[in-house]
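Chemist:
In my numbering, the protein residues as written are 136 to 521.
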């Protein structure tokens, strides 16, 4: 029988982080700093809204675009936080997590051979999703010296006649970097000058620590040139609810809705009801979780620095990205040996792109006491390898 697998799928390697999760799952006493998932249960009022929706018998499809109530709440929420306003009727779509929103954006705008500029280290799905859409990911490096921020100059050097869009993900997974308004404004000006689209994944927008989050579409002139992606998984501890969104001008959103209609139909009805309550009554709960993440952030960053694993200070999301140069090991060897010898799971930095080599990603979305124990185990590890 002939090979029926498409070339672009066959040539895309599996996620570089899965093998560590699979091994860790077999260890009863492992401490995982690998999974980027809040350890909080979804706040009770949001849970109750989902339960109430089910008990009312709301188990049918919603509108393809999502419920009117949720789209209106999203429009109000973004206007309040960032001063950017979207028409709920034709500029907002509710998706199955931000992952579907990314899929819709790329599928709707990419023609075969179009180039998408992607700063890295970055979320592992960005490059493969560009390939699956028929595009060519053009990965550009970022460096700890400039806070893992991509600059307009770095992007401009990668632009060719085939460039169509820039895909940004800030606050960053895996580095925890947050873009300053000045740097983001420079990229926005470049996009306008070179007539490029910006696709901005802002899933961690409310998880920032002592610094401003800059919403790309809220910058002057960027609203109609940006596809804004977001969701509820991280800010509201709703990963399993699978609820996200995308906002764009009516032309772009209509194209994305067309893909959504044929692929998904609608996002989960129960999750949409819960998401409305998250937007309208979740601010206090987000603030409490953010405060606890900040406490853990300071613990893990100080811990890594004390152990000689120089750690860039993350200002957003819930990841630390320490250099493991002091160990003399590669990122992959460090992660594998740490897992085998001390049962602590981290992710090799180069799983997120070549410029992540020499680093590992450690999530602090786990209990404070577990982070303390993980640091004790890493100290033992470094006494042998550092």
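Where a beta carbon is used, it is the ideal one built from N, C-alpha and C, also for glycine.
1) Give every residue of the same chain whose Cβ lies closer than 6 Å to the Cβ of residue 447, excluding the five residues on either side of it in the sequence, and list them in chain order.
2) Just the C-alpha distance for residue 327 and residue 143, rounded to the nearest angstrom, thanks.
3) From the DSSP output, in three-state form, read off residue 583 for me.
4) Are the region 303 to 319 and the region 371 to 387 touching by the rule of at least three beta carbon pairs closer than 8 Å?
5) Enumerate in chain order the residues of its own chain whose CB-to-CB distance from residue 421 is below 6 Å, with the five nearest sequence positions on each side excluded.
6) Residues in its own chain within less than 7 Å of residue 263 by CB, not counting five upstream and five downstream?
7) Thinking residue 303 and residue 254 are a contact (beta carbons under 8 Å), I'd like their distance in whole angstroms, please.
8) According to DSSP, is residue 436 helix, strand or coil?
9) Please state the DSSP three-state secondary structure of residue 336.
10) Counting only the same chain and skipping the five closest in sequence on each side, list residues whose C-beta sits under 8 Å from that of residue 297.
11) Which first and last residues belong to the alpha helix (DSSP H) in which residue 272 is found?
12) Write down every uninterrupted run of the beta strand (DSSP E) in the region 207 to 261 whose length is 3 residues or greater and which is fully enclosed by it, in chain order.
13) Look at the Cβ atom of residue 366, then the Cβ atom of residue 344, and state whether they are nearer than 8 Å.
14) What does a CB cutoff of less than 7 Å around residue 318 pick up in its chain, not counting 5 residues either side in sequence?
15) Kindly indicate the opening and closing residues of the beta strand (DSSP E) around residue 299.
16) Which same chain residues, not among the five before or five after residue 159, have their C-beta less than 7 Å away from its C-beta?
17) Identify the residues that DSSP records as bridge partners of residue 380: which are they?
18) Please go through the region 433 to 503 and give each complete alpha helix (DSSP H) segment of 4 or more residues, from N-terminal end onward.
19) Residue range of the alpha helix (DSSP H) that residue 348 falls in?
20) Among 276, 182, 230 and 150, whose alpha-carbon lies nearest the alpha-carbon of residue 492?
21) Based on the DSSP secondary-structure assignment, which residues constitute the bridge partners of residue 167?
22) Report the three-state DSSP secondary structure of residue 282 (helix, strand or coil).
23) With distances taken from CA atoms, which of 402, 260, 415 and 336 is nearest residue 194?
24) Figure out for me which residue from 155, 204 and 331 has the closest Cα to the Cα of residue 405.
25) Our contact map puts residue 347 next to residue 364 with C-beta atoms below 8 Å; I'd like the distance itself, whole angstroms only.
26) What's the C-alpha gap between residue 598 and residue 463?
27) Have a look at residue 141 and residue 265 and give me their C-alpha separation to the nearest angstrom.
28) From this set, 497, 506, 494 and 483, which residue's C-alpha is nearest residue 151's C-alpha?
29) With a 10 Å radius around its C-beta and 16 neighbouring C-beta atoms as the bar for buried, classify residue 489 as buried or exposed.
Modeler: Short version:
1) By 1-based counting over the chain shown, the position of residue 447 is 312. Counting only Cβ-Cβ distances below 6 Å, and skipping sequence neighbours, we find 279 and 456.
2) As a working note, residue 327 is residue 192 in the chain shown. As a working note, residue 143 is residue 8 in the chain shown. Computed Cα separation, rounded: 31 Å.
3) Residue 583 is absent from the model: the chain starts at 136 and stops at 521.
4) no
5) Locating residue 421 in the chain shown gives position 286, where the first residue counts as 1. If we look at residue 421 and ignore the five residues flanking it on each side, its Cβ neighbours are 341 and 370.
6) Within the chain shown, numbered from 1, the residue matching residue 263 stands at position 128. Answer for residue 263: 147, listed in chain order.
7) For the purposes of this step, residue 303 is identified with residue 168 of the chain shown, where counting begins at 1. For the purposes of this step, residue 254 is identified with residue 119 of the chain shown, where counting begins at 1. Indeed, because the Cβ distance is near 7 Å, the residues count as touching under 8 Å.
8) By 1-based counting over the chain shown, the position of residue 436 is 301. In this structure, residue 436 counts as helix in the three-state DSSP scheme.
9) Residue mapping note: residue 336 aligns to position 201 of the chain shown, counting from 1. Strand, per DSSP.
10) The residue labelled residue 297 in the question sits at position 162 within the chain shown. Excluding positions up to five away in sequence, the list reads 248, 249, 250 and 271.
11) On the chain shown, residue 272 is found 137 positions in, with the first residue counted as 1. Taken as a continuous stretch (DSSP letters only), residue 272 belongs to no alpha helix (DSSP H), being part of the beta strand (DSSP E) at 271 to 276.
12) 227 to 230 and 250 to 255
13) In the chain shown, counting from the first residue as 1, residue 366 sits at position 231. In the chain shown, counting from the first residue as 1, residue 344 sits at position 209. Not in contact: residue 366 and residue 344 (Cβ atoms no closer than 8 Å).
14) Position 183 of the chain shown, counted from the first residue, corresponds to residue 318. These residues qualify, in order along the chain: 284 and 286.
15) Mapped onto the chain shown, residue 299 falls at position 164. 298 to 304 is the extent of the beta strand (DSSP E) around residue 299.
16) To locate residue 159, count along the chain shown from 1; it is residue 24. Here the set comprises 165, 167, 169, 474 and 480.
17) If you number the chain shown from 1, residue 380 lands on position 245. For residue 380, which the question treats as bridged, DSSP gives the partners 229 and 365.
18) 466 to 477
19) Taking the first residue of the chain shown as position 1, residue 348 is located at position 213. Residue 348 -> no alpha helix (DSSP H), and no H or E assigned at all.
20) For the purposes of this step, residue 492 is identified with residue 357 of the chain shown, where counting begins at 1. Out of 276, 182, 230 and 150, 276 has the C-alpha closest to the C-alpha of residue 492.
21) Translated into the one-based positions of the chain shown, residue 167 becomes position 32. Answer is 480.
22) Here residue 282 is taken as the residue at index 147 of the chain shown, counted from 1. Residue 282 falls in the coil class under three-state DSSP.
23) Here the question's residue 194 lines up with position 59 in the chain shown. Closest by alpha carbon: 402.
24) In the chain shown, the residue the question calls residue 405 occupies position 270. Of the listed residues, the one whose Cα sits closest to residue 405 is 204.
25) Residue numbering aside, residue 347 sits at position 212 when the chain shown is read from its first letter. Residue numbering aside, residue 364 sits at position 229 when the chain shown is read from its first letter. Contact flag wrong, Cβ pair sits at about 19 Å.
26) What the structure shows of the chain is the stretch from 136 to 521, and residue 598 is not part of that stretch, so it cannot be assessed.
27) The sequence position of residue 141 within the chain shown is 6, counting from 1. The sequence position of residue 265 within the chain shown is 130, counting from 1. The straight-line gap separating the alpha-carbon atoms of residue 141 and residue 265 is approximately 15 Å.
28) For this step, residue 151 is matched to residue 16 along the chain shown. With distances taken between Cα atoms, residue 151 lies closest to 483.
29) Along the chain shown, read from residue 1 onward, the residue named residue 489 stands at position 354. Exposure of residue 489 is indicated by the presence of fewer than 16 other C-beta atoms within 10 angstroms of its C-beta.
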